[in-house]
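Numbered as in our numbering, the sequence shown ends at 521 without a single skipped number.
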Amino acid sequence: MQPHQFTDPFQTIQHILKVSERLNELKDLDAILDRILEESRRLSQADAGTLFLVKEGELVFEYIQNESFADQRDGMKVYSNKTMRIDGKSIVGYVALHGKPLCIDDAYDLPEDVSCKFNSEFDRQSGYRTKSMLTVPIKSSQAKVIGVIQIINAKNDQGEVIPFTKEMGHYLSLFANNASVAIEQGIITREVVLRMVKMAELRDPAETGAHVQRVGAYSAEIYDSWARANQIDKAERKRVRDRIRLAAMLHDVGKVGISDLILKKPGRLNEDEFNQIKFHTIYGEDLFTNSTSELDEMSAEIAANHHEKWDGSGYPGAVNRENGQPGLGKGKSGEDIPLAARICAVADVYDALCSKRSYKTAWDADRSVDEIQQASGIDFDPGVVAAFLESQRAINAIREYFTEETIRDLSTAMESKIIEEH
Ligand SMILES: [Fe+2]
Ligand SMILES: [Fe+2]
Numbered sequence: 100m101q102p103h104q105f106t107d108p109f110q111t112i113q114h115i116l117k118v119s120e121r122l123n124e125l126k127d128l129d130a131i132l133d134r135i136l137e138e139s140r141r142l143s144q145a146d147a148g149t150l151f152l153v154k155e156g157e158l159v160f161e162y163i164q165n166e167s168f169a170d171q172r173d174g175m176k177v178y179s180n181k182t183m184r185i186d187g188k189s190i191v192g193y194v195a196l197h198g199k200p201l202c203i204d205d206a207y208d209l210p211e212d213v214s215c216k217f218n219s220e221f222d223r224q225s226g227y228r229t230k231s232m233l234t235v236p237i238k239s240s241q242a243k244v245i246g247v248i249q250i251i252n253a254k255n256d257q258g259e260v261i262p263f264t265k266e267m268g269h270y271l272s273l274f275a276n277n278a279s280v281a282i283e284q285g286i287i288t289r290e291v292v293l294r295m296v297k298m299a300e301l302r303d304p305a306e307t308g309a310h311v312q313r314v315g316a317y318s319a320e321i322y323d324s325w326a327r328a329n330q331i332d333k334a335e336r337k338r339v340r341d342r343i344r345l346a347a348m349l350h351d352v353g354k355v356g357i358s359d360l361i362l363k364k365p366g367r368l369n370e371d372e373f374n375q376i377k378f379h380t381i382y383g384e385d386l387f388t389n390s391t392s393e394l395d396e397m398s399a400e401i402a403a404n405h406h407e408k409w410d411g412s413g414y415p416g417a418v419n420r421e422n423g424q425p426g427l428g429k430g431k432s433g434e435d436i437p438l439a440a441r442i443c444a445v446a447d448v449y450d451a452l453c454s455k456r457s458y459k460t461a462w463d464a465d466r467s468v469d470e471i472q473q474a475s476g477i478d479f480d481p482g483v484v485a486a487f488l489e490s491q492r493a494i495n496a497i498r499e500y501f502t503e504e505t506i507r508d509l510s511t512a513m514e515s516k517i518i519e520e521h
């Protein structure tokens with residue numbers, strides 16, 4: 100990460116305003132949080148950072164970045180149900196409660212007038228040494244605290260850990276408050292997507308909110324591994340990752356156009372019924388045509404192509420729309436199928452295998468992974484299957500996180516081993 104170096108306050112404030120504006124180009128909440136944390140750390144050359152959002156009166160641990168841990172690549176979404184109380188006990192809870200920034204020079208030597216405590220659990224487990232900390236509330240335009248950013252270990256040009264300056268507290272607060280607009284927008288976008296999914300769910304009970312949250316999150320992780328393996332540059336990788344998560348969640352919204360009699364029929368479908376179901380791909384694509392955004396474009400691609408198969412045996416293929424009646428053509432194959440749809444296909448099938456369906460019981464993760472591997476090069480793109488295998492750690496965390504019982508309308512996640520609290 101290249102830190103920003105500013106010589107005067109005017110330049111710094113201008114930079115903060117520019118970065119805040121660019122946040123609004125992002126659509127997905129995770130991508131927004133990732134960018135906010137990265138820019139917060141850049142402002143002060145901080146080694147690490149975490150971001151929490153307020154949900155149901157508690158702080159939910161959302162995102163972590165730590166330059167000192169190479170295996171963390173460039174940030175991790177937190178898939179954990181761990182929450183923190185908004186009270187005076189922890190540092191982030193204290194900041195959320197009082198709505199004011201807190202700057203600490205040494206986490207192990209807190210000033211006497213600070214009543215909260217530093218939890219050293221993470222340092223003990225990881226061997227990391229937390230020293231300087233800057234914790235600021237994220238406030239909405241109505242001055243409500245909607246989250247907390249905490250950045251850790253500011254560094255000088257020699258790489259030595261130094262305290263955060265008072266000015267940095269002001270700058271980070273300004274950025275956090277501007278960033279709240281993008282966060283709220285990201286929450287609204289995800290809620291709109293979930294509402295669309297709910298409409299499809301009324302028709303097809305298998306398309307639940309938990310299923311689409313998992314398929315969206317799996318697709319983002321698989322894409323990330325694929326992009327790294329294919330040396331896609333970081334900016335492009337983050338841009339696509341931003342879109343694929345929401346677009347993959349919408350893969351089956353075209354089911355709103357299919358009859359209940361077919362979708363709710365218990366047991367296997369006959370050939371005619373199955374042929375009718377195939378049209379959900381075309382109806383889904385139609386929902387996003389005349390698209391004005393890249394997100395719509397990808398949503399159309401995924402809706403249209405998520406049942407195509409690598410060997411050409413899928414559907415709907417090239418679609419003939421003469422007489423206003425879509426017909427089903429010969430299946431597309433290989434790289435003629437858009438990448439996002441090749442990824443979503445693996446995520447969707449894997450999730451269906453792991454879940455109970457009217458015609459099958461839920462398979463365990465190993466058996467499901469095995470089945471995906473068997474179909475590599477036949478149903479699925481081998482490069483995408485390799486990326487899926489590479490992402491198993493995140494995929495397991497996501498599977499356990501989004502269950503029917505714990506379904507949340509905001510996605511939040513990661514493996515909680517990394518941090519307990521700061
Ligand atoms: Fe589908
Ligand atoms: Fe699905």
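The C-beta atom is built at its ideal place from N, Cα and C for all residues, glycine as well.
Inter-residue spacing [alpha-carbon to alpha-carbon] between residue i and residue j
i: N369; j: R492; result: 38 Å
i: H269; j: S139; result: 12 Å
i: Q472; j: E384; result: 28 Å
i: P210; j: S279; result: 30 Å
i: S358; j: G413; result: 22 Å
i: K181; j: E421; result: 54 Å
i: L116; j: S272; result: 12 Å
i: N276; j: F263; result: 19 Å
i: L360; j: N389; result: 31 Å
i: G148; j: L132; result: 11 Å
i: A402; j: R121; result: 28 Å
i: T380; j: I494; result: 25 Å
i: G308; j: T288; result: 15 Å
i: Q330; j: I286; result: 31 Å
i: E161; j: D371; result: 46 Å
i: A399; j: E290; result: 19 Å
i: G411; j: T391; result: 30 Å
i: D465; j: S167; result: 32 Å
i: K337; j: Q284; result: 18 Å
i: K364; j: S239; result: 47 Å
i: I376; j: T502; result: 26 Å
i: V339; j: S214; result: 44 Å
i: I517; j: Y500; result: At I517 the pLDDT is 31, less than 50, meaning the model places this residue with poor confidence and gives no usable figure here.
Residue i versus the options, residue with shortest Cα-Cα distance
i: N404; options: F373, A444, L301 and R327; result: A444
i: V191; options: D323, N218 and Q375; result: N218
i: I237; options: T460, E220, D204 and V194; result: V194
i: G156; options: I185, T391 and F168; result: I185
i: M348; options: P108, D450 and Y458; result: D450
i: D129; options: R313, I282, L452 and H406; result: I282
i: E434; options: W462, A305, D480 and E393; result: D480
i: Q257; options: S189, D146, V292 and K333; result: D146
i: Y456; options: S392, H310, E393 and E290; result: Here residue 456 turns out to be Arg, not Tyr, going by the sequence shown. R456 has its Cα closest to that of H310, out of S392, H310, E393 and E290.
i: F487; options: L136, A316, A417 and M183; result: A316
i: I135; options: I163, A496, G416 and V159; result: I163
i: M183; options: A417, D222, E300 and L158; result: L158
i: D208; options: D332, R228 and S119; result: R228
i: K408; options: N123, N419, V118 and K429; result: K429
i: I442; options: D465, A485 and S225; result: A485
i: G476; options: S432, V468, R367 and E499; result: S432
i: Y322; options: V418, V483 and E137; result: V483
i: P415; options: N374, A334 and H197; result: N374
Distance cut-off 7 Å: residue i Cβ against heavy atoms of ligand 2
i: V355; result: no
i: H350; result: yes
i: D208; result: no
i: V418; result: no
i: V292; result: no
i: D447; result: yes
i: E503; result: no
i: E393; result: no
i: E306; result: yes
i: V314; result: yes
Check: residue i C-beta below 7 Å from any heavy atom of ligand 1
i: H406; result: yes
i: H310; result: no
i: H197; result: no
i: H379; result: yes
C-beta contact flag for residue i and residue j at 8 Å
i: D341; j: L125; result: yes
i: S490; j: E320; result: yes
i: D478; j: H350; result: no
i: M397; j: A439; result: yes
i: M267; j: V355; result: no
i: R344; j: S318; result: yes
i: R302; j: L362; result: yes
i: Y382; j: G426; result: no
i: A253; j: S143; result: yes
i: K216; j: K199; result: no
i: R498; j: R313; result: yes
### Query
Does the count of Cβ pairs from the stretch 140-152 and the stretch 237-248 closer than 8 Å reach three?
Yes: the two stretches touch, three or more of their Cβ pairs being nearer than 8 Å.
#### Entry: the stretch 196-208 / the stretch 221-238 touching (three or more Cβ pairs under 8 Å)
Verdict: yes, contact present.
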